[in-house]
Amino acid sequence: SFSWDAHKLMGVPLTTAAILVKQDDALTECCGGGGSNYLFHADQYAHLNLGPASLQCGRRADALKVWLSWKDLGNEGYAQQVDHLQELRQYCVEQINTNPNFEKIAPAPYLNVLFQFKPDHISDESILAKLNISICQTMAHNGGPFVDYASYHGRTGIRLILANELTTADDIDRFLQHCNATGNKLLTEML
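All the letters of the sequence shown, read from the start, carry residue numbers 1 to 191 under the working numbering.
Below, the structure is given as C-alpha coordinates:
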(Lines of atoms letter the chains of each structure in order from A and count residues from 1; the text may use other names and numbers.)
(Lines give C-alpha, C1' and ligand atoms only; values in the text may rest on other atoms or scores of the structure.)
Protein backbone atom coordinates (compact mmCIF):
# COMPACT_ATOMS: atom_id res chain seq x y z
CA SER A 1 0.00 0.00 0.00
CA PHE A 2 1.12 3.57 -0.57
CA SER A 3 -0.25 7.08 -0.88
CA TRP A 4 0.53 9.63 -3.54
CA ASP A 5 -0.19 13.32 -3.17
CA ALA A 6 0.40 15.29 -6.32
CA HIS A 7 -0.87 18.41 -4.57
CA LYS A 8 2.32 20.11 -3.36
CA LEU A 9 5.08 18.85 -5.60
CA MET A 10 3.11 18.80 -8.83
CA GLY A 11 1.07 21.93 -8.15
CA VAL A 12 -2.38 20.43 -8.65
CA PRO A 13 -5.45 20.68 -6.36
CA LEU A 14 -5.57 18.71 -3.11
CA THR A 15 -8.30 16.42 -4.39
CA THR A 16 -5.74 14.70 -6.63
CA ALA A 17 -4.33 12.74 -3.69
CA ALA A 18 -4.74 8.97 -3.91
CA ILE A 19 -4.31 6.04 -1.55
CA LEU A 20 -3.69 2.63 -3.10
CA VAL A 21 -4.13 -0.47 -0.95
CA LYS A 22 -3.55 -4.18 -1.53
CA GLN A 23 -6.75 -5.38 0.16
CA ASP A 24 -9.79 -4.31 -1.82
CA ASP A 25 -11.97 -3.90 1.28
CA ALA A 26 -9.43 -2.03 3.44
CA LEU A 27 -10.73 1.47 2.69
CA THR A 28 -14.36 0.44 3.05
CA GLU A 29 -13.60 -0.99 6.49
CA CYS A 30 -11.67 2.14 7.43
CA CYS A 31 -13.95 4.80 5.97
CA GLY A 32 -17.40 3.21 5.81
CA GLY A 33 -18.41 3.80 9.41
CA GLY A 34 -22.12 3.45 8.76
CA GLY A 35 -24.84 6.02 9.17
CA SER A 36 -24.67 6.92 5.52
CA ASN A 37 -27.85 5.29 4.23
CA TYR A 38 -29.02 8.61 2.86
CA LEU A 39 -25.92 8.73 0.63
CA PHE A 40 -25.17 5.14 -0.28
CA HIS A 41 -27.95 2.75 -1.28
CA ALA A 42 -27.85 -1.02 -1.30
CA ASP A 43 -29.17 -1.34 -4.84
CA GLN A 44 -27.96 -3.01 -8.04
CA TYR A 45 -25.34 -0.23 -8.51
CA ALA A 46 -23.83 -0.39 -5.01
CA HIS A 47 -20.74 -2.21 -6.30
CA LEU A 48 -19.98 0.77 -8.57
CA ASN A 49 -20.20 3.37 -5.80
CA LEU A 50 -16.72 4.19 -4.52
CA GLY A 51 -18.07 6.64 -1.93
CA PRO A 52 -18.10 4.24 1.04
CA ALA A 53 -14.38 3.57 0.44
CA SER A 54 -13.44 7.23 0.11
CA LEU A 55 -12.05 9.51 2.80
CA GLN A 56 -14.20 12.33 1.43
CA CYS A 57 -17.44 10.45 0.95
CA GLY A 58 -18.29 10.72 -2.72
CA ARG A 59 -15.24 12.71 -3.74
CA ARG A 60 -12.72 10.59 -5.52
CA ALA A 61 -9.17 11.50 -6.41
CA ASP A 62 -9.48 13.90 -9.32
CA ALA A 63 -7.20 12.30 -11.88
CA LEU A 64 -8.22 14.70 -14.66
CA LYS A 65 -6.31 17.60 -13.10
CA VAL A 66 -3.16 15.51 -12.80
CA TRP A 67 -3.56 14.17 -16.32
CA LEU A 68 -4.06 17.64 -17.84
CA SER A 69 -1.06 19.01 -15.95
CA TRP A 70 1.05 16.06 -17.01
CA LYS A 71 -0.04 16.49 -20.64
CA ASP A 72 0.96 20.14 -20.42
CA LEU A 73 4.35 19.68 -18.73
CA GLY A 74 5.22 16.13 -19.73
CA ASN A 75 7.69 13.87 -17.96
CA GLU A 76 10.57 16.19 -18.79
CA GLY A 77 8.74 19.26 -17.50
CA TYR A 78 7.86 17.62 -14.20
CA ALA A 79 11.40 16.27 -13.85
CA GLN A 80 12.79 19.78 -14.36
CA GLN A 81 10.31 21.21 -11.86
CA VAL A 82 11.22 18.66 -9.17
CA ASP A 83 14.96 19.09 -9.84
CA HIS A 84 14.60 22.88 -9.62
CA LEU A 85 12.83 22.65 -6.26
CA GLN A 86 15.46 20.24 -4.92
CA GLU A 87 18.22 22.63 -6.04
CA LEU A 88 16.43 25.50 -4.29
CA ARG A 89 16.15 23.44 -1.12
CA GLN A 90 19.89 22.76 -1.24
CA TYR A 91 20.60 26.44 -1.91
CA CYS A 92 18.40 27.47 1.01
CA VAL A 93 20.16 25.04 3.37
CA GLU A 94 23.56 26.37 2.25
CA GLN A 95 22.45 29.96 2.89
CA ILE A 96 21.16 29.02 6.34
CA ASN A 97 24.41 27.22 7.15
CA THR A 98 26.50 30.28 6.23
CA ASN A 99 24.47 32.78 8.27
CA PRO A 100 25.62 32.94 11.90
CA ASN A 101 22.09 33.92 13.04
CA PHE A 102 20.48 30.81 11.54
CA GLU A 103 20.63 27.14 12.47
CA LYS A 104 18.96 24.27 10.64
CA ILE A 105 17.17 22.28 13.36
CA ALA A 106 15.84 19.31 11.38
CA PRO A 107 17.08 17.23 8.47
CA ALA A 108 15.98 18.62 5.11
CA PRO A 109 16.01 15.67 2.72
CA TYR A 110 12.93 16.84 0.85
CA LEU A 111 11.35 20.26 0.29
CA ASN A 112 10.70 21.20 3.93
CA VAL A 113 13.38 23.34 5.57
CA LEU A 114 13.07 23.93 9.32
CA PHE A 115 15.51 26.41 10.76
CA GLN A 116 15.82 28.72 13.70
CA PHE A 117 16.80 32.36 14.03
CA LYS A 118 19.33 31.79 16.80
CA PRO A 119 21.70 34.58 17.77
CA ASP A 120 24.81 33.41 19.64
CA HIS A 121 23.84 35.05 22.93
CA ILE A 122 20.48 33.25 23.27
CA SER A 123 20.38 29.55 24.12
CA ASP A 124 17.10 29.26 26.07
CA GLU A 125 14.77 27.24 23.83
CA SER A 126 11.61 28.82 25.27
CA ILE A 127 12.89 32.29 24.35
CA LEU A 128 13.99 31.07 20.92
CA ALA A 129 10.58 29.49 20.35
CA LYS A 130 8.77 32.74 21.15
CA LEU A 131 11.22 34.70 19.00
CA ASN A 132 10.84 32.43 15.96
CA ILE A 133 7.05 32.35 16.25
CA SER A 134 7.08 36.15 16.50
CA ILE A 135 9.25 36.38 13.37
CA CYS A 136 6.66 34.41 11.38
CA GLN A 137 3.74 36.40 12.78
CA THR A 138 5.44 39.79 12.36
CA MET A 139 6.44 39.16 8.75
CA ALA A 140 2.89 38.09 7.86
CA HIS A 141 1.35 41.04 9.75
CA ASN A 142 3.66 43.51 7.97
CA GLY A 143 2.89 42.16 4.50
CA GLY A 144 6.16 40.28 4.20
CA PRO A 145 6.65 36.59 3.58
CA PHE A 146 3.90 34.38 4.98
CA VAL A 147 5.51 31.31 6.48
CA ASP A 148 4.65 28.98 9.33
CA TYR A 149 6.60 27.68 12.29
CA ALA A 150 6.99 24.13 13.56
CA SER A 151 8.70 22.18 16.32
CA TYR A 152 11.18 19.35 16.03
CA HIS A 153 12.61 17.53 19.06
CA GLY A 154 11.58 20.34 21.39
CA ARG A 155 12.95 23.16 19.25
CA THR A 156 10.70 25.61 17.41
CA GLY A 157 11.75 27.27 14.19
CA ILE A 158 10.68 28.75 10.89
CA ARG A 159 9.25 26.16 8.48
CA LEU A 160 9.74 26.89 4.80
CA ILE A 161 8.01 24.63 2.27
CA LEU A 162 9.41 24.87 -1.25
CA ALA A 163 6.51 23.90 -3.49
CA ASN A 164 6.23 26.75 -6.00
CA GLU A 165 8.22 26.05 -9.15
CA LEU A 166 8.39 29.79 -9.89
CA THR A 167 10.51 30.41 -6.78
CA THR A 168 14.06 31.57 -7.50
CA ALA A 169 17.31 31.78 -5.55
CA ASP A 170 16.68 35.55 -5.29
CA ASP A 171 13.34 34.79 -3.62
CA ILE A 172 15.15 32.57 -1.10
CA ASP A 173 17.69 35.32 -0.44
CA ARG A 174 14.95 37.92 0.11
CA PHE A 175 13.03 35.55 2.38
CA LEU A 176 16.08 34.86 4.54
CA GLN A 177 16.91 38.59 4.64
CA HIS A 178 13.35 39.25 5.88
CA CYS A 179 13.74 36.58 8.58
CA ASN A 180 17.10 37.99 9.66
CA ALA A 181 15.98 41.64 9.67
CA THR A 182 12.73 40.84 11.48
CA GLY A 183 14.57 38.72 14.04
CA ASN A 184 17.13 41.45 14.70
CA LYS A 185 14.39 44.09 15.02
CA LEU A 186 12.47 41.93 17.50
CA LEU A 187 15.67 41.37 19.47
CA THR A 188 16.29 45.11 19.86
CA GLU A 189 12.68 45.56 21.00
CA MET A 190 13.13 42.78 23.57
CA LEU A 191 16.26 44.37 25.05
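Think of the CB as a built atom: it goes at the ideal place given N, C-alpha and C, for glycine as much as any other residue. All values reported here derive from a predicted model rather than from experimental measurement.
- Cβ-Cβ distances below 8 angstroms link Arg89 to Ala108, Tyr110, Leu111, Val113 and Leu162 in the same chain, with the five nearest sequence neighbours on each side left out; the list follows chain order.
- Residue pairing for Trp67: DSSP places it in no beta bridge.
- Taking all protein chains in view, the Cβ of Gln80 is surrounded by fewer than 16 other Cβ atoms within 10 Å, so the residue is classified as exposed.
- For Glu125, no beta strand (DSSP E) segment is defined; the enclosing uninterrupted segment is the alpha helix (DSSP H) at Glu125 to His141.
- The beta carbon of Thr168 sits closer than 6 angstroms to none of the beta carbons in its chain outside the five residues before and after it.
- The beta-carbon separation of Glu94 and Lys118, rounded to 17 angstroms, does not stay under the 8 angstroms limit for a contact.
- A distance of 9 angstroms or more separates the beta carbons of Lys71 and Thr15.
- Separation of Ala18 and Leu176 (C-alpha to C-alpha, rounded to the nearest whole angstrom) is 34 angstroms.
- The beta carbon of Arg159 lies closer than 8 angstroms to those of Asn112, Val113, Leu114, Val147, Asp148, Tyr149 and Ala150 in the same chain, with the five residues before and after it left out.
- In this structure Cys92 does not touch Ile135 by the C-beta definition: roughly 16 angstroms separates them, more than the 8 angstroms allowed.
- In this structure, Arg155 lies away from Ile96, with their beta-carbon atoms at least 9 angstroms apart.
- Under the rule that a run must span 3 or more residues, the beta strand (DSSP E) segments found entirely inside the stretch 86-122 read 102-104 and 112-117.
- With distances taken between CA atoms, Leu187 lies nearest to Leu131 out of Asn99, Leu131 and His153.
- Within the same chain, and ignoring the five residues on either side of Thr182 in sequence, the residues whose Cβ sits closer than 6 angstroms to its Cβ are Ile135, Thr138 and Met139.
- Nearest in C-alpha terms to Asn142, of all of Ala46, Leu20, Lys185 and Lys8, is Lys185.
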